[in-house]
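Notes follow once the structure below has been shown.
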Amino acid sequence: MSSVDLGRVVGESAYETAVKAGYSGTEAAFGAELTVPPCSRNLLDNWYFLHPVNPRGVQGTIIPGGPAGTPVIFIDRWRLIGSAAVTEGGVSLNGTLTQTLEQAVGQAVTATVLTESGIDELVPVYDDSTRTLTITATGQTIRAVKLELGSVQTLAHQDASGAWVLNEIPDYGQEMARCQRFCCLYRAQGGSGVTNNVLLGAGLAVSATTARVVLHTPVPLRAKPTVRMAGLGVWCGGQHTAVTAAEVLWGAAGNCVALQLTCESGAFTPTAPCMLEFLTADGWLDLSAEL
33 MSSVDLGRVV
43 GESAYETAVK
53 AGYSGTEAAF
63 GAELTVPPCS
73 RNLLDNWYFL
83 HPVNPRGVQG
93 TIIPGGPAGT
103 PVIFIDRWRL
113 IGSAAVTEGG
123 VSLNGTLTQT
133 LEQAVGQAVT
143 ATVLTESGID
153 ELVPVYDDST
163 RTLTITATGQ
173 TIRAVKLELG
183 SVQTLAHQDA
193 SGAWVLNEIP
203 DYGQEMARCQ
213 RFCCLYRAQG
223 GSGVTNNVLL
233 GAGLAVSATT
243 ARVVLHTPVP
253 LRAKPTVRMA
263 GLGVWCGGQH
273 TAVTAAEVLW
283 GAAGNCVALQ
293 LTCESGAFTP
303 TAPCMLEFLT
313 ADGWLDLSAE
323 L
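Just remember that this note's numbering sits 32 ahead of the position in the sequence shown, which is counted from 1.
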């Protein structure tokens, strides 16, 4: 058995090992790269603009219609005044983006926006009295946004080369679930109930012109939603009938909502079972509990 002279063993630092492996930076730079800044919780939803939750399919340059100064829904949880473009590099904004929290924070916070140039190019403003974060830009591309407790930003840091990098990237599924508390959007995605059996919910006819169905949602909604729709139909008594109006009877009660649907006169037999479906390939249903 061979022996080792412990008195001749010389310790080697991680930096020295890295240099032998080809690392060419300074020891201070190496140490900085090993340091992982702590991250405070982000109080915003859908804050990672390089991969935003965007079920409405917002793309290209968006210029809202309607009265000047009236915000419109942009990507999930954000409202837009002005124009913006959703790109691979983030959201290019020429106007104002806002997000309203459910509850006031009630203590000191730090708001930060990361653009292509770093964290100092844009200065967001948070107003706790309205629970609203506001970002105003003139063509800058936003990569990420953060609102956090305390006086120190933990959104991003500079690496050894001076480039700004995010301290964390959110889990897309978790962000989507948070956004779906405010809005659930269903699309036919090229199929229809008539040809592809794309069914949304089931219930009963309550009169010759109305039916009530229960629709399951991915997560419980924040509040009773409003409903907008196009291309919906009801299958009842062996026939498909277009929906002319829809309203929410109740919502935010577990993972479902109840809808009352109005169709053409005499379409239903009372108490007959029925199903909610898409009649058209471009049909959609929007359940909104937005603030």
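Glycine included, C-beta positions come from ideal geometry on N, C-alpha and C. Predicted model only: the values in this text are computed from it and were never measured.
Reduced DSSP secondary structure (H/G/I, E/B, other) of residue i
i      : result
Glu279 : strand
Thr58  : coil
Ala140 : coil
Arg40  : Unreliable placement is indicated for Arg40, whose pLDDT of 41 sits below 50; no coordinate value is reported for it.
Ala46  : helix
Gly63  : helix
Val51  : helix
Val251 : coil
His272 : strand
Gly127 : strand
Trp316 : strand
Leu76  : coil
Phe310 : strand
Pro87  : coil
Ile107 : coil
Ala240 : coil
Ala290 : strand
Ala234 : strand
Gly122 : strand
Cys295 : strand
Leu82  : coil
Leu265 : Checking the sequence shown, residue 265 turns out to be Gly, not Leu. Here Gly265 sits in strand by DSSP.
Leu112 : strand
Pro305 : strand
Residue i classed as buried or exposed, judged by whether at least 16 other C-beta atoms fall within 10 angstroms
i      : result
Gly263 : buried
Leu146 : buried
Thr49  : exposed
Arg73  : exposed
Gly138 : exposed
Asp191 : exposed
Thr273 : buried
Val245 : buried
Pro257 : buried
Pro156 : buried
Thr144 : buried
Asp108 : buried
Leu323 : exposed
Ala304 : exposed
Cβ distance (whole Å) where residue i is taken to contact residue j below 8 Å
i      : j      : result
Cys295 : Thr276 : 6 Å
Thr301 : Gly270 : With a Cβ gap of about 10 Å, Thr301 and Gly270 do not count as contacting.
Arg175 : Phe81  : 6 Å
Ile167 : Leu129 : 5 Å
Leu179 : Ile151 : At roughly 13 Å, the Cβ-Cβ gap does not stay under 8 Å, so Leu179 and Ile151 are not in contact.
Gln135 : Leu76  : Incorrect: roughly 13 Å between the Cβ atoms, too far for contact.
Ser124 : Thr173 : 5 Å
Gly182 : Ala140 : 7 Å
Val177 : Trp79  : 5 Å
Gly114 : Gly127 : 1 Å
Val163 : Leu133 : The amino acid at residue 163 is misidentified as Val; the sequence shows Arg. Correct: roughly 4 Å between the Cβ atoms.
Short Cβ contact (8 Å threshold) for residue i with residue j
i      : j      : result
Ala220 : Gly315 : yes
Cys306 : Ala243 : yes
Thr142 : Val184 : yes
Ser320 : Cys215 : yes
Leu308 : Gln292 : no
Arg317 : Tyr204 : This sequence places Leu at residue 317; Arg is not what is there. Contact: no.
Leu247 : Leu232 : yes
Met208 : Val104 : no
Ala234 : Val259 : no
Gly298 : Pro252 : no
Cys71  : Glu153 : no
Leu236 : Gly265 : no
Closer than 8 Å to chain C by CB, residue i
i      : result
Pro156 : In the displayed structure, chain C is absent; only one protein chain is listed.
Which whole runs of the beta strand (DSSP E) in the region 143-229 are 3 residues long or more, in chain order? 157-159, 164-181, 188-190, 196-198 and 215-219
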